[in-house]
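Chemist: Chains as they are written, first to last, in my numbering: chain A, 58 to 258; chain B, 100 to 356. Idealized CB from N, CA, C, for every residue including glycine.
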Amino acid sequence: MTRIDTSRPDSVLPTPSHTVGPFYGHALPFRGGEDIAPVGHPDTITVHGCVTDGEGTPLPDALIELWGPDPDGNLPTADGSMRRDPASGGFLGRDGVEFTGWGRIQTDASGRWYARTLRPGARGRNAPYLSVCVFARGLLVHLYTRTYLPGDAAALAADPLLAGLADARRDTLIAAAEGDGTYRFDIRLQGEGETVFLEFQ
Amino acid sequence: MTLTQHDIDQEIAAKHAAYEKRLADGGPVEHQPRRDYAPYRSSVLRHPKQPPVTIDVSKDPELVELFSPAFGERDITEIDNDLTRQHAGEPIGERITVSGQLLDRDGRPVRGQLVEIWQANSAGRYAHRREQHDAPLDPNFTGVGRTLTDDDGRYRFTTVQPGPYPWRQHVNAWRPAHIHFSLFGTAFTQRLVTQMYFPSDPLFPYDPIIQSVTDDAARQRLVATYDHSLSVPEFSMGYHWDIVLDGPQATWIEEGR
Ligand SMILES: [Fe+3]
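1) If we define contact as Cβ-Cβ less than 8 Å, is Gln131 (chain B) a contact residue for chain A?
2) Going along the chain, which unbroken runs of the alpha helix (DSSP H) with 4 or more residues stay wholly within the segment 110–175 of chain A?
3) Just to confirm, are Arg151 (chain A) and Asp237 (chain A) a CB contact at a threshold of 8 Å?
4) So, are the CB atoms of Phe254 (chain A) and Thr204 (chain A) less than 8 Å apart?
5) Measure the Cβ-Cβ separation of Val189 (chain A) and Leu123 (chain A) and say whether it is below 8 Å.
6) Using 10 angstroms around the beta-carbon of Trp351 (chain B), count the other beta-carbons present and answer buried if the total reaches 16, otherwise exposed.
7) Contact between the segment 160–180 of chain A and the segment 105–122 of chain A is defined here as three or more beta-carbon pairs at a separation below 8 Å; is this criterion met?
8) Using a Cβ-Cβ cutoff of 8 Å, what residues of the segment 232–257 of chain A are near chain E? List them in chain order.
9) Ala226 (chain B) CB to nearest chain A CB: under 8 Å?
10) Output, in sequence order along the chain, the residues in the segment 186–220 of chain A whose CB is closer than 9 Å to any CB in chain B.
11) Are any of the Cβ atoms in chain A nearer than 8 Å to that of Thr101 (chain B)?
12) Can you tell me the Cα-Cα spacing of Ser167 (chain B) and Asp136 (chain A), whole angstroms?
13) Pro235 (chain B) CB to nearest chain A CB: under 8 Å?
14) Which of helix, strand or coil does DSSP assign to Asp67 (chain A)?
15) Is Ala219 (chain B) close to ligand 1? I mean its beta-carbon at under 7 Å from any heavy atom of the ligand.
16) Below 8 Å on the Cβ atoms is my contact criterion, and I expect Gln309 (chain B) with Arg318 (chain B) to pass it. Report the Cβ-Cβ distance as a whole number of Å.
17) I think Pro208 (chain B) touches Phe257 (chain A), with their Cβ atoms under 8 Å apart; what is that distance to the nearest whole Å?
18) Anyone know if the C-beta pair for Thr313 (chain B) and Lys114 (chain B) falls short of 8 Å?
19) Along the chain, where does the alpha helix (DSSP H) containing Leu85 (chain A) start, and where does it finish?
20) Beta-carbon of Glu119 (chain B) versus every beta-carbon of chain A: anything under 8 Å?
21) Look up Glu215 (chain B) in the DSSP assignment and give the residues it is bridged to.
22) Determine, for Pro168 (chain B), whether the minimum Cβ-Cβ distance to residues of chain A falls below 8 Å.
23) Less than 8 Å between the beta carbons of His269 (chain B) and Tyr81 (chain A), yes or no?
24) Name the chain B residues whose beta carbon is nearer than 8 Å to that of Asp110 (chain A)?
25) List the whole-angstrom C-beta distance separating Gly111 (chain A) from Leu236 (chain B), where the pair is believed to meet the contact cut-off of C-beta under 8 Å.
26) Can you say whether Ser74 (chain A) is buried or exposed, counting buried as having 16 or more other CB atoms within 10 angstroms of its CB?
Listed below in structure tokens is the structure:
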């Protein structure tokens, strides 16, 4: 049952995942979820895209979480992504100063999402990327992928994940530059141009 | 063609038999549902057909995914974990206390991390604009809670017993009563969104979502235990539900955890 006996390691087994369902919209999204970058920061980028299913139909009920390092490659330890107002119980939005590195965005009715965050820096041998987690009705276990930014061909070529992928699949992980620090990153859950999804072991 | 409960029952049975056969043939115990689970129709066009690309985290302790975002006192308010106190009046329904421990695969408590819940009201209706189930909304119940786990990884919510609700995937489809949970671990790889159920719900065999967890023991881990010691005298019924996060973490940060 669901009282886990931690003195018996063989009883410590994972709790299964379930779909986020269609009715999380009054619970999980929060004001400022997409505005991750501190206000006016010069290294701010905009990442945006569409989430589509196996027939190319946009998902109006997908939830995206982004998590990434600051421009120096350091992972933030600041809390305050969803600062709250103790008086009303509502969301205050971020403080505009600290960088928490984490954001949460619900796709709109046309399946589109955007986020403004800081340009991630490289960590170790990896090319700079944002970690992306996708939730949706119909998705029994969430999906991980990565948004790599184009530009530094040498860094991308040396990236341990990208180096192991065929070109067509690799390209699904690299956002398209649209100028002025704006990048497009579409997520295709199934079928033609299916995004590369990751599992960690 | 009308999709009936009988059709879904047969598909669920076939999926279960296929899993039993995989086990008999030496396959691994499957703790997680498969993303491709047709009895839950919404999964059909929303699961990747390509297998996921595996990343061996032991080769790179610097991976972004081995760290987790931080949450703190300013991300919650004092009454966020009491869903019965968020409005001027009392919500309708049987009050319950839900508590348990958030653990990693080594049985260690996950401390100071964010737990979010959401649920239908006691009549089985969500406070969500798109939900059109013809059951009453409760002006005194939104059905959203948040808390941070304590130093033992414990969480505790006060809420009302959610009602079961119909959904339209097939004729007479009903979801067993459940509370949705969203959880963070010490690594982003441990992220979990799931649902907690209540003991002995007669709807379990009919529901393709809980049945998507085809392993019987794994499915049982989604069901809370009635816990009389958690019941609050003259106030609420107690349910205990421990949660174990899957997914690797950075082993080298064990010190000081
Ligand atoms: Fe639900």
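Modeler: According to the data block:
1) yes
2) none
3) no
4) no
5) yes
6) The predicted position of Trp351 (chain B) is uncertain, since its pLDDT is 48 and thus under 50; no value can be drawn from it.
7) yes
8) In the displayed structure, chain E is absent; the protein chains listed are A and B.
9) yes
10) Tyr186, Leu187, Ser188, Cys190, Phe192, Ala193, Arg194, Gly195, Leu196, Leu197, Val198, His199, Leu200, Tyr201, Arg203, Pro217 and Leu218
11) no
12) 11 Å
13) no
14) helix
15) yes
16) One detail in the question is off: residue 309 (chain B) reads as Ile in this sequence, not Gln. Correct: roughly 6 Å between the Cβ atoms.
17) Wrong, their Cβ atoms sit about 21 Å apart, outside the cutoff.
18) yes
19) Here Leu85 (chain A) belongs to no alpha helix (DSSP H), and DSSP marks it neither H nor E.
20) no
21) B:Arg245 and B:Ser281
22) yes
23) no
24) Leu144 and Arg145
25) At roughly 35 Å, the Cβ-Cβ gap does not stay under 8 Å, so Gly111 (chain A) and Leu236 (chain B) are not in contact.
26) buried
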